[in-house]
Amino acid sequence: MTGAVIRGRTRYARAVKGFLLALVLLAAACQTASAPPAPPAATTADERVTFNNQVVRVFQRHCQECHRPGEVAPFALTTYRDAYARRDDIVDAVRSRYMPPWKAVPGHGDFTGVRRLSDAEVDLIARWVADGATEGEPHDLPAPPKFPSGWTLGTPGAVLAMEEPFTVPPRTRDVYRCFSIPIRVPGDGRFIRASEVLPGNRKVVHHVVTFLDLTGRSVELDRAEPGPGYTCFGGPGFDSPGGLGGWAPGYPGIEIPPGVAWRIPPGARLVVQLHYNNPGDAPETDVTRIGLHFTSGPFDRRLHGVLASAWDFVIPAGAPRTTVVARTDVQEDLEAIAVHTHMHLIGRAMTVTALLPSGRREPLLRIDDWDFDWQLLYYFKRPVALPAGTIVEAECVYDNSPGNLRNPSKPPRVVRSGFGTTDEMCQARVLSTARLKGRG
294 MTGAVIRGRT RYARAVKGFL LALVLLAAAC QTASAPPAPP AATTADERVT
344 FNNQVVRVFQ RHCQECHRPG EVAPFALTTY RDAYARRDDI VDAVRSRYMP
394 PWKAVPGHGD FTGVRRLSDA EVDLIARWVA DGATEGEPHD LPAPPKFPSG
444 WTLGTPGAVL AMEEPFTVPP RTRDVYRCFS IPIRVPGDGR FIRASEVLPG
494 NRKVVHHVVT FLDLTGRSVE LDRAEPGPGY TCFGGPGFDS PGGLGGWAPG
544 YPGIEIPPGV AWRIPPGARL VVQLHYNNPG DAPETDVTRI GLHFTSGPFD
594 RRLHGVLASA WDFVIPAGAP RTTVVARTDV QEDLEAIAVH THMHLIGRAM
644 TVTALLPSGR REPLLRIDDW DFDWQLLYYF KRPVALPAGT IVEAECVYDN
694 SPGNLRNPSK PPRVVRSGFG TTDEMCQARV LSTARLKGRG
């Protein structure tokens with residue numbers, strides 16, 4: 294079975310389509326400082342590289358949005374002392390391209406907000422460490438960037454919040470908890486232009502995904518389990534038409550293009566799924582909030598999610614390379630604005646391609662070094678036309694061999710498609726817009 298190609302069936306796609314659109318909306322374009330930091334000073338081959346004159350500017354531009362006090366990154370990179378203590382680890386991380394987290398391979402999709410270090414920036418950091426990692430002159434140190442705090446998109450028109458605090462016990466990892474929240478918004482505020490999730494306790498909140506519940510099922514699930522909320526992993530326990538955004542480190546809010554309708558259905562409840570981790574020795578309490586910003590239009594387009602998802606596939610134990618292919622048809626003319634991919638722990642690579650009716654292949658995204666910890670949403674610089682009849686194809690590659698250091702099973706076991714972390718998935722989601730019916 295080495296190198297086998299499996300074409301996974303897609304019959305389950307409808308049941309999780311809403312969940313996946315909600316997951317796509319989790320990640321938004323990365324928000325950096327309020328004013329761009331100064332670019333690195335030009336450096337000649339024989340000029341001394343210092344922290345104050347060159348290296349901190351790279352960190353300001355690419356790293357400090359997460360590596361600063363108060364964020365969930367395990368250490369800060371805002372001062373010389375911070376960086377000097379981690380200098381060897383920093384070189385290893387940037388040389389291997391593990392940091393900053395940007396997995397898209399250049400030439401496969403044209404994206405905005407690229408966080409990938411240039412070769413020159415990697416060489417600059419390596420040269421700084423090799424030459425003794427000196428601090429430099431105080432007058433060379435640029436002003437620190439001003440990062441937003443609290444609501445980064447301004448005062449919301451409405452705030453939805455967990456109705457009770459939730460306490461995460463000490464030394465507890467991977468708690469997935471869903472909270473059902475009634476949606477109360479002022480007046481006719483049903484169309485959203487922006488959504489922002491504000492974690493109440495960033496010490497323990499790993500990420501947040503939201504779902505709209507039109508069934509009332511989340512209330513039943515909450516009542517059936519003691520304490521605030523209910524246990525949930527994968528999906529929220531019901532079919533959902535989408536969500537109202539989400540949060541992960543470095544991704545504080547989502548704003549959609551003007552003229553695009555993003556609607557809250559009448560009678561919906563908002564279900565907030567929180568992934569908690571508390572490695573500390575004390576209990577931690579959280580109340581997470583969601584801020585909504587409204588618009589009244591006018592609208593000429595609507596949000597639309599495209600999902601290519603394979604199911605009912607098997608990855609043999611010990612196989613170093615198994616390929617799964619997922620495809621889906623585009624039913625109407627769309628404009629793609631972002632792409633997101635999803636696999637689990639033994640995923641190694643993924644390529645997403647649009648097969649256009651003209652016969653041309655449009656590369657959307659390629660990842661050669663999949664990392665379960667960095668599942669980013671990649672925004673295109675310009676919308677990508679996907680005419681009706683386009684096929685969106687995702688090719689997922691898995692390594693289920695003993696040589697895969699990320700393989701959680703030792704020895705390897707047969708892995709099947711499923712929602713569990715040690716199961717696997719093969720999914721590509723393309724966030725798009727479609728023309729409103731009756732327009733044009």
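With the first letter of the sequence shown counted as 1, position 172 gets the number 465 in the working numbering; the numbers rise by one all the way through.
Using N, Cα and C, we set each Cβ at its ideal position, and we do this for glycine too.
In this text the structure is predicted, and so the values were computed from the model without any measurement.
Check whether the Cβ atoms of residue i and residue j lie closer than 7 Å to each other.
i      : j      : result
ILE660 : LEU724 : no
PHE344 : GLU428 : yes
VAL565 : PHE459 : no
LEU453 : LEU563 : yes
HIS637 : GLU717 : yes
ASP593 : GLY560 : no
GLU688 : THR634 : no
ALA601 : THR581 : no
GLY573 : PRO463 : yes
GLU577 : VAL708 : no
ASP369 : HIS355 : Looking at the sequence itself, residue 369 is Ala, so the reference to Asp does not match. Contact: no.
ARG699 : ASN570 : no
PRO705 : ASN693 : yes
ALA584 : TRP444 : Correcting the residue type first, residue 584 is Gly in the shown sequence and not Ala. Yes; because the gap between Cβ atoms is below 7 Å, this pair is in contact.
VAL415 : VAL398 : no
ALA727 : ARG595 : yes
PRO676 : GLU625 : no
VAL599 : VAL490 : no
ASN742 : ASP579 : Shown here, the chain extends from 294 to 733; a query on residue 742 therefore has no answer.
ARG380 : ALA426 : yes
CYS719 : ALA603 : yes
Which residue comes first and which comes last in the beta strand (DSSP E) that contains residue i?
i      : result
PHE472 : 465-475
ALA629 : 627-635
HIS355 : Run containing HIS355: none in the beta strand (DSSP E); it sits in the alpha helix (DSSP H), 349-355.
VAL457 : Here the sequence assigns Glu to residue 457, which means Val is not the residue at that position. Premise fails: GLU457 is in no beta strand (DSSP E) and is neither H nor E.
ARG380 : Counting along the chain, ARG380 falls outside any beta strand (DSSP E), though it belongs to the alpha helix (DSSP H) covering 380-388.
SER651 : Careful: SER651 lies outside any beta strand (DSSP E) and carries neither H nor E.
ASP622 : 615-622
THR726 : 719-728
PHE673 : 670-679
ALA601 : 594-603
SER694 : Counting along the chain, SER694 falls outside any beta strand (DSSP E), and DSSP gives it neither H nor E.
PHE504 : 498-506
SER710 : That residue, SER710, is in no beta strand (DSSP E); it is neither H nor E in DSSP.
VAL490 : 485-491
Suppose the cutoff is 6 Å on Cβ atoms and the five residues either side in sequence are ignored; what does the same chain contact list for residue i look like?
i      : result
LEU514 : TYR523 and GLY530
PHE526 : TYR469
LYS703 : none
ASP433 : ASN345 and ASN346
HIS568 : TYR469, HIS499 and HIS500
GLY652 : none
PRO521 : GLU457 and PHE459
THR448 : none
ALA721 : ALA601, THR634, VAL645 and ALA687
VAL512 : SER473
Spatial neighbours of residue i within its chain, please: CB distance less than 7 Å, with the 5 preceding and 5 following residues excluded, ordered by chain position.
i      : result
ALA642 : ILE660, ASP661, TRP663 and VAL690
PRO329 : Bear in mind that a pLDDT of 46 at PRO329, under 50, signals an unreliable position, so the number given afterwards is only what the model happens to contain. So the list is empty, once near-sequence residues are dropped.
PHE404 : ALA397, TYR671, TYR672, PHE673 and LYS674
ASN697 : ILE639
THR714 : HIS637 and LEU638
ALA610 : ASN693, PRO705, ARG706 and VAL707
Less than 8 Å between C-beta atoms, sequence neighbours within five positions excluded: which residues of the same chain meet that for residue i?
i      : result
PHE484 : ALA554, TRP555, ARG556, ILE557, PHE587, THR588, SER589, GLY590 and PHE592
GLY509 : ARG562
ILE549 : ILE485, ARG486, ALA487, TRP555 and LEU596
VAL351 : PRO333, LEU410, GLU414, LEU417 and ILE418
PRO362 : ALA369 and THR371
Terminal residues of the continuous alpha helix (DSSP H) containing residue i?
i      : result
VAL512 : 510-516
Would you check if the region 436-445 and the region 471-483 touch, i.e. whether three or more CB-CB distances between them fall below 8 Å?
-> No: fewer than three Cβ pairs fall under 8 Å.
Using 8 Å as the Cβ pair cut-off and three pairs as the minimum, do the region 523-541 and the region 495-510 touch?
-> In short, these stretches touch, since the Cβ pair count reaches three.
Would you be able to state if there are at least three C-beta pairs under 8 Å between the region 610-627 and the region 653-671?
-> No, they do not touch.
Does the region 410-423 come within contact of the region 676-684, defined as at least 3 CB pairs closer than 8 Å?
-> The region 410-423, when compared against the region 676-684, does not touch it at the 8 Å Cβ threshold.
Quick one: complete beta strand (DSSP E) runs, 3+ long, within the region 554-588?
-> Fully enclosed beta strand (DSSP E) runs of no fewer than 3 residues occupy 562-571, 577-579 and 582-587 of the region 554-588, in order along the chain.
Starting from the N-terminal side, write out each stretch of the beta strand (DSSP E) that is 3 residues or longer and does not extend beyond the region 359-436.
-> Entirely contained in the region 359-436, not one beta strand (DSSP E) run reaches 3 residues.
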